[in-house]
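> In this note's numbering, the protein residues as written are 3 to 489.
(1) Which one or two residues does DSSP pair with residue 72 in a beta bridge?
(2) Among the candidates 433, 345, 136 and 156, whose CA atom is the shortest distance from the CA of residue 172?
(3) Could you check if residue 465 is buried or exposed, using at least 16 other CB atoms within 10 Å of its CB as the buried criterion?
(4) On the criterion of 16 or more Cβ atoms from any shown chain inside 10 Å, does residue 213 qualify as buried, or is it exposed?
(5) Measuring CB atoms only, is the segment 212–227 touching the segment 161–172, in the sense that at least three cross pairs come out at less than 8 Å?
(6) The alpha helix (DSSP H) with residue 366 in it runs from where to where?
(7) Judging by CA-CA distance, which residue of 155, 104, 74 and 70 is the nearest neighbour of residue 58?
(8) Quick one: what does DSSP say residue 291 is sitting in, helix, strand or coil?
(9) Hey, could you find the ends of the alpha helix (DSSP H) residue 414 is sitting in?
(10) Please report the straight-line C-alpha distance between residue 73 and residue 131, rounded to a whole angstrom.
(11) Which word fits residue 94, buried or exposed, when buried means at least 16 other C-beta atoms lie within 10 angstroms of its C-beta?
(12) Quick one: using the 10 Å Cβ neighbour count with 16 as the cut-off for buried, is residue 164 buried or exposed?
(13) Quick one: is residue 110 buried, meaning 16 or more other Cβ sit within 10 Å of its Cβ, or exposed?
(14) Considering only the beta carbon of each residue, do residue 319 and residue 342 sit closer than 9 Å?
(15) Identify whether residue 285 lies in helix, strand or coil by the three-state DSSP scheme.
(16) Quick one: grab the DSSP three-state call for residue 272.
(17) Can you tell me whether residue 241 is buried or exposed? The criterion is at least 16 other CB atoms within 10 Å of its CB, across all chains shown.
(18) Please state whether DSSP places residue 483 in a helix, a strand or coil.
(19) Is residue 356 helix, strand or coil by DSSP?
(20) State buried or exposed for residue 475, treating a residue as buried only when at least 16 other CB atoms are found within 10 Å of its CB.
(21) Within 10 angstroms of the Cβ of residue 210, are there 16 or more other Cβ atoms? Answer buried if so, exposed if not.
(22) Counting only the same chain and skipping the five closest in sequence on each side, list residues whose C-beta sits under 8 Å from that of residue 114.
(23) Determine the burial state of residue 156: buried for a count of at least 16 other Cβ atoms within 10 Å of its Cβ, exposed for fewer.
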């Protein structure tokens, strides 16, 4: 019988006694620099906050001055070093002095610029540490007395006034609701003054309108966070109106106004012109030929339809949902349309919708719709109706469809697996031979459940003939066929 390993916990360690523990700590500290720094901070903490602060300041000063590159091999070690600084602040200094700990956390966060410039690897480890530092500010802010909380905005701006990586916004979001009204108003006035100053400045980088707009947008967003913390919806909306039209978040403003019952204002914001905004093309859009679609379009249509309904214009809301469905072939607007219908009206509407989808020019969007609704019988009918047109290059959609159709619609599944396999072999995609082998194995399995007459009715070659032709045409693809051995 194997002996159980000793459990390492506080109770077990206390039984070792102070001398034994001290000896173990000394041994570990001699071989582990990060651990030694943690121990040093704990020892300093026993002397009071000033001693711990001195140690932390030494570490932060070194971090601020360092410029050597951090290779990807050293990223983990570097992250552990940064973590030890945070542990010193949050674990040793914070229990002794919340104001000192807040100031050192802000100083740590302000090093983000020089730290990220040193990194050769964009590892999320470092990002997480800075986010942890922001999160650590919240309980410390709650511990500050009224006077210190009133001073906190000035202390933050002193450290992060020139921050270009949005840590100021992250901090504001985290602590705004924990600050007194007077501190928020003071901070808002300070940010307003900075905004006016930037608008006036000329020369250098301020000659570039994009750069100027980005800085102003960041400050206006900061003021909006304050307005949200003060439950000042009017102020928040007014600040959004000051932003460059290309940077305005009309959807978010409209949603807040809708939630507040201010429906006409919400509709006005939602319908503001959007010329110049960046549009995003999704993979599904390429497949169904719908063209570029704004990423938030479905949310926008759903919200606008709800607003129109609240304003008493249900026909316009339904027309909007139906048009969006026709243009995007997305299930969401159709679900909204169906949900708003009266009793027994949904069946006729669904028949109309499914008939429309089945007749669209590009079958890929239609297939995606039927899979997600889901109506696998319609998906199978579509696959068989277009059996000679499927392009295996749309791998993610067709592979997903083939798998979903295997059990209930095996013949349609076989059509798609053949399209995928043909694409891989015809184009000699050697990196995808493993996928191709799995597709052929799936086809062999499906052949066992597809009645012979089904191939005839669909005017498809039986599987045996199909695989024989594969071997005839692609028999010399020696990287492929050995993958099927044993199957």
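From the three backbone atoms N, C-alpha and C, an ideal C-beta is built for every residue, glycine too.
Short version:
(1) Residue 72 is bridged to 121.
(2) Comparing Cα-Cα distances from residue 172 to each of 433, 345, 136 and 156, the minimum goes to 136.
(3) Counting other Cβ atoms within 10 Å of its Cβ, residue 465 reaches 16 or more and is therefore classed as buried.
(4) Here residue 213 is exposed, its C-beta having fewer than 16 other C-beta atoms within 10 Å.
(5) The segment 212–227 vs the segment 161–172: in contact.
(6) Residue 366 -> alpha helix (DSSP H) spans 365–374.
(7) Closest option to residue 58, Cα to Cα, is 104.
(8) Below a pLDDT of 50, predicted positions are generally treated as unreliable, and residue 291, at 42, falls in that range; no measurement from the model is reported.
(9) Note, residue 414: alpha helix (DSSP H), 412–428.
(10) Computed Cα separation, rounded: 18 Å.
(11) The residue in question, residue 94, is buried, as its Cβ has 16 or more Cβ neighbours within 10 Å.
(12) With fewer than 16 Cβ atoms within 10 Å of its Cβ, residue 164 is classed as exposed.
(13) By the Cβ-count criterion, residue 110 is buried, with 16 or more other Cβ atoms from all chains shown falling within 10 Å of its own Cβ.
(14) Taking a C-beta distance under 9 Å as the contact criterion, residue 319 and residue 342 qualify as a contact pair.
(15) Residue confidence for residue 285 is low, a pLDDT of 45 falling below 50, so the modelled location carries little weight; the figure read from the coordinates is stated next. Under the three-state reduction of DSSP output, residue 285 falls in the helix class.
(16) Here residue 272 sits in helix by DSSP.
(17) With 16 or more Cβ atoms within 10 Å of its Cβ, residue 241 is classed as buried.
(18) Here residue 483 sits in helix by DSSP.
(19) Judged by DSSP in its simplified three-state form, residue 356 adopts helix.
(20) When all chains shown are included, residue 475 counts as exposed.
(21) With fewer than 16 Cβ atoms within 10 Å of its Cβ, residue 210 is classed as exposed.
(22) Only 132, 165, 167 and 169 meet the Cβ criterion.
(23) Looking at its Cβ environment, which holds fewer than 16 other Cβ atoms inside 10 Å, residue 156 is exposed.
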